[in-house]
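Visitor: Position 189 (the sequence shown) corresponds to 189 in the UniProt record's numbering; numbering is contiguous. Every residue, glycine too, gets a C-beta built ideally from N, C-alpha and C. Following this message is one structure expressed as structure tokens.
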Amino acid sequence: MTDWIKRDELAIWHPFTPLRGMEKPLMVERAEGVNLYTDDGKTIIDAISSWWVNIHGHSHPHLAQAIATQASRLEHVIFAGFTHEPAIRLAERLLQILPENQAKIFYSDNGSTAVEVAMKMAFQFFHNQGVEKRKIIAIDGAYHGDTFGAMSVGERGPFTSPFDPYLFEVDFVDFPNGENDEQVWQHFQEIIATNDVAAFIYEPIAQGASGMRVYDKKLLDRMISLAQAEGVICIADEVMTGFGRTGELFAADALETNPDIMCLSKGLTGGALAMGVTTCTQKIQDAYQSSDLMKTFFHGHSFTANPITCAVANASLDLLLTDECTANRARLNDRHTTFGKKIAEHPLVRNTRVLGTIIAFELNTDRDTSYFNEARHHLYPYFIEKGILIRPLGNVIYLIPPYIISNNELDFIYQTIFNFLEEYPTLIKNNAL
Ligand SMILES: *Cc1c(COP(=O)(O)O)cnc(C)c1O
Numbered sequence: 001m002t003d004w005i006k007r008d009e010l011a012i013w014h015p016f017t018p019l020r021g022m023e024k025p026l027m028v029e030r031a032e033g034v035n036l037y038t039d040d041g042k043t044i045i046d047a048i049s050s051w052w053v054n055i056h057g058h059s060h061p062h063l064a065q066a067i068a069t070q071a072s073r074l075e076h077v078i079f080a081g082f083t084h085e086p087a088i089r090l091a092e093r094l095l096q097i098l099p100e101n102q103a104k105i106f107y108s109d110n111g112s113t114a115v116e117v118a119m120k121m122a123f124q125f126f127h128n129q130g131v132e133k134r135k136i137i138a139i140d141g142a143y144h145g146d147t148f149g150a151m152s153v154g155e156r157g158p159f160t161s162p163f164d165p166y167l168f169e170v171d172f173v174d175f176p177n178g179e180n181d182e183q184v185w186q187h188f189q190e191i192i193a194t195n196d197v198a199a200f201i202y203e204p205i206a207q208g209a210s211g212m213r214v215y216d217k218k219l220l221d222r223m224i225s226l227a228q229a230e231g232v233i234c235i236a237d238e239v240m241t242g243f244g245r246t247g248e249l250f251a252a253d254a255l256e257t258n259p260d261i262m263c264l265s266k267g268l269t270g271g272a273l274a275m276g277v278t279t280c281t282q283k284i285q286d287a288y289q290s291s292d293l294m295k296t297f298f299h300g301h302s303f304t305a306n307p308i309t310c311a312v313a314n315a316s317l318d319l320l321l322t323d324e325c326t327a328n329r330a331r332l333n334d335r336h337t338t339f340g341k342k343i344a345e346h347p348l349v350r351n352t353r354v355l356g357t358i359i360a361f362e363l364n365t366d367r368d369t370s371y372f373n374e375a376r377h378h379l380y381p382y383f384i385e386k387g388i389l390i391r392p393l394g395n396v397i398y399l400i401p402p403y404i405i406s407n408n409e410l411d412f413i414y415q416t417i418f419n420f421l422e423e424y425p426t427l428i429k430n431n432a433l
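Here it is as structure tokens:
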């Protein structure tokens with residue numbers, strides 16, 4: 001153990017990390033492409049894009065250059081009463097690639113704040129018109145972030161239980177798993193019929209944190225259509241799905257309907273800096289067009305639309321919109337699909353799904369498969385030891401790599417997963433897992 005790790009432990013509290021019984025953090029010195037390089041000479045492939053944010057690889061020269069150039073010109077300025085070129089360019093460029101009904105860009109700091117802004121925008125939309133709507137609909141298993149509003153519309157479980165008394169009430173419909181879709185649709189219609197619903201918030205087509213669970217987009221289209229026909233604001237949380245993750249630029253591109261509000265973050269800056277964006281239609285903003293000061297949207301953060309962050313997001317869009325990036329996403333999808341077919345036949349594998357650049361499957365085991373299960377804590381070091389960073393969600397193993405990952409790197413990951421599945425029964429028997 002190096003001195004750095006001791007100093008880390010004395011001074012730092014890490015996210016989502018139990019304080020006892022966990023592996024020590026690894027000291028990363030630098031990163032390039034899909035590789036993380038540790039101070040003790042290890043190379044680790046980042047197969048989860050560092051919590052799903054990195055899309056073009058680490059320390060990308062084009063992004064680094066954008067940060068450096070902007071930092072020496074204008075590093076930050078208050079965004080109320082002032083504006084700047086990187087923010088204007090980014091807003092215009094986002095509006096060009098987002099669903100055509102999106103008209104305005106509201107900047108914030110991360111995925112959770114993008115969701116907070118979306119919900120506040122929706123509630124005040126009604127409030128400004130003197131209408132009271134109290135309900136919000138979400139889908140079981142949802143994850144929308146870790147702030148209080150975002151937690152409220154997310155799955156209630158072990159992560160939220162200390163805070164449950166302080167979360168606002170939400171009407172949850174079951175996750176449409178293919179077998180219960182008709183019940184979900186019935187329930188959804190019943191809640192809409194109460195005429196008391198302000199908003200419907202959802203992760204379009206796939207839920208991330210609940211285990212990369214994909215659901216029927218036709219059903220989602222039906223839900224959005226009905227909601228919008230009844231004046232309910234539809235909030236698409238594309239924090240995970242945005243910027244090419246699902247193959248299309250946005251999950252919305254695979255749907256017939258367009259959302260009223262969208263939440264973006266993660267891939268927005270290529271994974272280099274933190275930023276959130278909430279977009280809305282002109283109709284939403286129109287409810288705020290008033291000389292009555294009380295109809296102002298009183299929300300903002302100190303670092304709203306930071307120029308360096310906007311500059312790196314612009315640079316990330318340069319790369320995202322190249323033919324090369326599109327081809328890489330298609331290639332990833334092909335490779336995942338082929339590998340998915342191969343392992344689907346393995347007796348230890350169930351529910352393999354591929355969506356764009358994501359592949360996920362469940363470990364078919366009769367052991368406890370909750371997030372807290374033992375296997376999860378042993379799978380992680382198993383793969384780290386082989387030089388691969390994955391972070392299983394319960395018994396769900398998934399890959400969500402940067403789009404630039406090479407075929408060789410992918411094959412190495414696939415082969416390691418395959419070897420793991422072969423070794424699994426022996427590992428269990430020897431209590432090595
Ligand atoms: C990660 C995530 C968030 C929260 O984003 P943070 O930047 O971690 O706050 C919200 N919604 C979805 C769908 C996410 O995957």
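1) Short check: CB of Val214 to CB of Ile205, under 9 Å?
2) Please check the pair Cys310 and Pro86, which I expect to be a contact at CB under 8 Å, by giving their CB distance rounded to whole angstroms.
3) Quick one, which of Gly356, Glu324, Ala344 has its alpha-carbon nearest Glu362's?
4) Give every residue of the same chain whose Cβ lies closer than 8 Å to the Cβ of Val197, excluding the five residues on either side of it in the sequence, and list them in chain order.
5) Give the list of continuous beta strand (DSSP E) stretches no shorter than 3 residues that lie fully inside the region 366-416.
6) Whole-angstrom Cβ separation of Gly111 and Gly145, contact assumed at under 8 Å?
7) Pull up the distance between the alpha-carbon of Phe188 and that of Leu421, whole angstroms please.
8) When a residue counts only if its C-beta is closer than 5 Å to some heavy atom of ligand 1, which residues count, in chain order?
9) Pull up the distance between the alpha-carbon of Lys429 and that of Asp366, whole angstroms please.
10) Just list the residues that DSSP pairs Ala31 with in beta bridges.
11) Check Asp174 in the structure and name its three-state DSSP category.
12) Could you give the distance in angstroms between the alpha-carbon of Ala31 and the alpha-carbon of Phe126?
13) Which stretch, first to last residue, makes up the beta strand (DSSP E) that contains Gln102?
14) How is the beta strand (DSSP E) around Gly149 delimited, first residue to last?
15) Tell me the DSSP secondary structure of Val214 in three-state form.
16) Return the CA-CA distance between Ile388 and Ile413, expressed in angstroms with no decimal places.
17) Find the nearest neighbour of Leu90 within the set Asn54, Arg350, Ala305, Leu355, judged by alpha-carbon distance.
18) So, helix, strand or coil for Arg245, using DSSP?
19) Please specify which runs of the alpha helix (DSSP H), each continuous and at least 4 residues long, are wholly inside the region 276-356, giving them in chain order.
20) Along the chain, where does the beta strand (DSSP E) that runs through Val197 open and close?
Guide: A quick look at the data gives this:
1) Taking 9 Å as the Cβ cut-off, Val214 and Ile205 qualify as a contacting pair.
2) 4 Å
3) Ala344
4) Lys133, Lys135, Ile136, Ile137, Asp171, Ile191, Ala227, Glu230, Val232
5) 396-399
6) 5 Å
7) 39 Å
8) Asn110, Gly111, Ser112, His144, Gly145, Glu203, Gly208, Asp237, Val239, Met240, Ser265
9) One C-alpha to the other measures close to 14 Å.
10) Answer is Leu36.
11) coil
12) Ala31 and Phe126: Cα-Cα distance of roughly 47 Å.
13) Gln102 -> beta strand (DSSP E) spans 102-108.
14) Note, Gly149: premise wrong, no beta strand (DSSP E); alpha helix (DSSP H) at 148-152.
15) strand
16) When only Cα atoms are considered, Ile388 and Ile413 end up about 7 Å apart.
17) Ala305
18) coil
19) 282-286, 307-320, 323-344
20) 197-202
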